[in-house]
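With our numbering as the guide, the letters of the sequence shown map in order to residues 143 to 284. Using N, Cα and C, we set each Cβ at its ideal position, and we do this for glycine too.
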Amino acid sequence: MIPIPKAVMTQIDNYLCVRSRLRLDDQNPYLLARKKNRPLSESKIRRTFHQAVKDMGLEQQRKKMGPMTFNPPTPHCLRHSFAINTLINILHLGQSAQAALPVLAGYLGHSSYLCTSVYLKIADAQSRNNLYDFTLWQQWKI
């Protein structure tokens, strides 16, 4: 089970309805499928993802800022985004992100929730950044 918005579920239902009407014998177990009960290839998913990023105007080159390297988005970034946003939403609700780790680990397919705990650092850093914006300090410096 993957939590998705109702609007996305509507689109998936529409897709499955059209797919079943186009192929009367459609028994493919994969949501995004090729012929003969085979899944889409990883290369096809990557090409489609990168084309969508380009179409949305989010394409960027690799950047190096100090000791950090920022690579262009990849399909795997969606997993990171899901994990971080889930933890941030839990924190905004005033609940324990730590307590949610075992469930989130299950969604991500991690064998241990300790692997998922790395996302707490990012969610915690973002919440700390909201406490005080140190860049404003430069405005007041005499």
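| query | result |
| --- | --- |
| Any beta-carbon of chain C closer than 7 angstroms to the one on Gln202? | Chain labels in this structure do not include chain C; a single protein chain is all it has. |
| By the 10 Å Cβ neighbour count, where 16 or more other Cβ atoms means buried, how is Leu173 classified, buried or exposed? | exposed |
| What is the rounded straight-line gap between the Cα of Ile187 and the Cα of Gln202? | 19 angstroms |
| Is Thr258 helix, strand or coil when you go by DSSP? | helix |
| What three-state label does DSSP hand Pro244 in the structure shown? | helix |
| Look at Asn179 and Asn170 and say whether their C-beta atoms are less than 7 angstroms apart. | yes |
| Can you list, in chain order, the residues of its chain whose CB lies under 7 angstroms from that of Ile146, leaving out five sequence neighbours each side? | none |
| Take Lys283 and list the residues in its own chain whose beta-carbon comes closer than 8 angstroms to its own, dropping the five residues that flank it on each side. | Any reading at Lys283 must be qualified, since the residue scores a pLDDT of 48, below 50, and its modelled position is unreliable; no value is offered. |
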